[in-house]
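J.: Under the working numbering, the first residue of the sequence shown is numbered 9, with each subsequent residue one higher.
Glycine included, each C-beta is placed from N, C-alpha and C at the ideal position.
Quantities reported herein were computed from a predicted structural model and do not represent experimental measurements.
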Amino acid sequence: MDNINLVTGLVAQGHVSAGFVARSSLISGCAMAAEVNESEVLWLAGDAALDQMLVLLTRGENNPAAQFWLDQMQTLLFVS
Numbered sequence: 009m010d011n012i013n014l015v016t017g018l019v020a021q022g023h024v025s026a027g028f029v030a031r032s033s034l035i036s037g038c039a040m041a042a043e044v045n046e047s048e049v050l051w052l053a054g055d056a057a058l059d060q061m062l063v064l065l066t067r068g069e070n071n072p073a074a075q076f077w078l079d080q081m082q083t084l085l086f087v088s
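Next up, the structure:
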C-alpha cells in the first residue's frame, strides 16, 4: 500500500486483521468517538525519541500569528 490513509481505513473497517497505522490516526479516531480496543494495539518503538526545539525568529516577533503559534506549542508541550 502506498497510502497510509487507505491502510488506516482498511484496518478501521475490519477489512484487514493488521496494518501499520500512524499513532496520530488512532488519536484522531478516538477524538471522533471511534472504538479502539487497546488490547489489539501494539506500539513499536524501535528508535529513540527525537529531541525537538521551537524558536521564534526576530522577523516574526511582532507577528501575532507567530506569537499565537508559539503560545499554543508551549501550552501543548509544557515548555517553559
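Am I right that Ile1 and Ala26 are in contact with their C-beta atoms under 8 Å? What's the rounded C-beta distance?
T.: Here the chain comprises residues numbered 9 to 88, so residue 1 is not present and cannot be evaluated.
J.: Leaving aside the five residues before and after Leu78 along the sequence, list all residues of the same chain whose C-beta is less than 8 Å from its C-beta, in chain order.
T.: Cβ neighbours of Leu78 beyond the five flanking positions: Leu62 and Leu64.
J.: Compute the Euclidean distance between the alpha carbons of Gln75 and Val19, then round it to the nearest angstrom.
T.: Using only the alpha carbons, I get a separation of about 39 Å.
J.: Looking at the structure shown, is Gly37 part of a helix, part of a strand, or coil, going by DSSP?
T.: It is helical.
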